[in-house]
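Read through the structure below, which is laid out as structure tokens, and then see the notes.
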Amino acid sequence: ETGVTQSPTHLIKTRGQQVTLRCSSQSGHNTVSWYQQALGQGPQFIFQYYREEENGRGNFPPRFSGLQFPNYSSELNVNALELDDSALYLCASSLGSGVLSYEQYFGPGTRLTVT
Amino acid sequence: RKEVEQDPGPFNVPEGATVAFNCTYSNSASQSFFWYRQDCRKEPKLLMSVYSSGNEDGRFTAQLNRASQYISLLIRDSKLSDSATYLCGGGANNLFFGTGTRLTVIP
């Protein structure tokens, strides 16, 4: 086990609603990255948080936002949910960030269904 | 153009075969590369990091070719338990992943 935990495991929301997903990083890791994985696709990078600051963002609209807390746990918030937001949301923790990407360890994911 | 691209397969190989996957990346500033294994409806698990000098772990060998901007994964003596999707990840300070390559090892 990686020691990375996510909650909830599954979630069903209605289009237009808002959702908050949570991630606890592995002990000693100060960086959390969030990914969206649609069925049959690879994980798509949403953003990364390093020491409570956003440290890189992928091609996702502003309605995807996040936070990192002093204990390095993190939240992903999605506003105005759309049907296409249905996916597995993965967080990954790593030891650090910078020029080099450190090895990332994934949590089990939250499966979000938007109806 | 996607940051990282890989052949989605599927690759169907008999037990004991050797199989190789390639993955190309577009950002020449990419510094770090990894191979992950993902089982159906599970999270990706780190298989190995890819170093400039190559990296071998048992039956698995990863190589990096910076000139041609690709990484590869070689699996020797395939086992049934190797059946999974293999994801390559690469980037500078953020990681980007390919779509994954589906491998099925057949008895």
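Protein chains in written order, with the working numbering: chain L, 1 to 115; chain Y, 1001 to 1107. Just so it is clear, CB atoms sit at the ideal spot from N, CA and C, and this is done for glycine as well.
Does residue i come within less than 8 Å of chain Y when only Cβ atoms are used?
{"i": "residue 33 of chain L", "result": "yes"}
{"i": "residue 106 of chain L", "result": "yes"}
{"i": "residue 99 of chain L", "result": "Low per-residue confidence applies at residue 99 of chain L: pLDDT is 49, beneath 50, and the placement is therefore not dependable enough to give any value."}
{"i": "residue 109 of chain L", "result": "yes"}
{"i": "residue 45 of chain L", "result": "yes"}
{"i": "residue 55 of chain L", "result": "yes"}
{"i": "residue 68 of chain L", "result": "no"}
{"i": "residue 11 of chain L", "result": "no"}
{"i": "residue 16 of chain L", "result": "no"}
{"i": "residue 36 of chain L", "result": "no"}
{"i": "residue 1 of chain L", "result": "no"}
Can you give me the Cβ contacts of residue i inside the same chain, cut-off strictly under 6 Å, excluding the 5 residues immediately before and after it?
{"i": "residue 1061 of chain Y", "result": "1074"}
{"i": "residue 1085 of chain Y", "result": "1038, 1100 and 1102"}
{"i": "residue 1057 of chain Y", "result": "1048"}
What did DSSP end up calling residue i once you bin it into helix, strand or coil?
{"i": "residue 1057 of chain Y", "result": "strand"}
{"i": "residue 1081 of chain Y", "result": "helix"}
{"i": "residue 83 of chain L", "result": "helix"}
{"i": "residue 1063 of chain Y", "result": "strand"}
{"i": "residue 66 of chain L", "result": "strand"}
{"i": "residue 88 of chain L", "result": "strand"}
{"i": "residue 4 of chain L", "result": "coil"}
{"i": "residue 99 of chain L", "result": "Because the pLDDT at residue 99 of chain L is just 49, under 50, the model does not fix this residue reliably, and the value given afterwards should be weighed accordingly. Residue 99 of chain L falls in the coil class under three-state DSSP."}
{"i": "residue 29 of chain L", "result": "coil"}
{"i": "residue 48 of chain L", "result": "strand"}
{"i": "residue 1040 of chain Y", "result": "coil"}
{"i": "residue 60 of chain L", "result": "coil"}
{"i": "residue 39 of chain L", "result": "coil"}
{"i": "residue 55 of chain L", "result": "strand"}
{"i": "residue 1022 of chain Y", "result": "strand"}
For residue i, I'd like the list of residues in its chain whose CB is within less than 7 Å of its CB, leaving aside the five on either flank, ordered along the chain.
{"i": "residue 1177 of chain Y", "result": "This structure leaves residue 1177 of chain Y out entirely; chain Y is present only between 1001 and 1107."}
{"i": "residue 38 of chain L", "result": "87"}
{"i": "residue 72 of chain L", "result": "25, 29, 30 and 32"}
Kindly give me the distance between the Cβ atoms of residue i and residue j, rounded to whole angstroms, as I take these residues to be in contact under 8 Å.
{"i": "residue 111 of chain L", "j": "residue 88 of chain L", "result": "5 Å"}
{"i": "residue 75 of chain L", "j": "residue 21 of chain L", "result": "7 Å"}
{"i": "residue 1050 of chain Y", "j": "residue 1078 of chain Y", "result": "So it is not a contact: roughly 20 Å between Cβ atoms."}
{"i": "residue 96 of chain L", "j": "residue 30 of chain L", "result": "6 Å"}
{"i": "residue 109 of chain L", "j": "residue 1043 of chain Y", "result": "5 Å"}
In chain B, which residues lie with their C-beta within 9 Å of the C-beta of residue i?
{"i": "residue 1056 of chain Y", "result": "Any reference to chain B falls outside this structure, whose protein chains are L and Y."}
Is residue i close to chain L, meaning its C-beta is less than 8 Å from at least one C-beta of that chain?
{"i": "residue 1093 of chain Y", "result": "yes"}
{"i": "residue 1015 of chain Y", "result": "no"}
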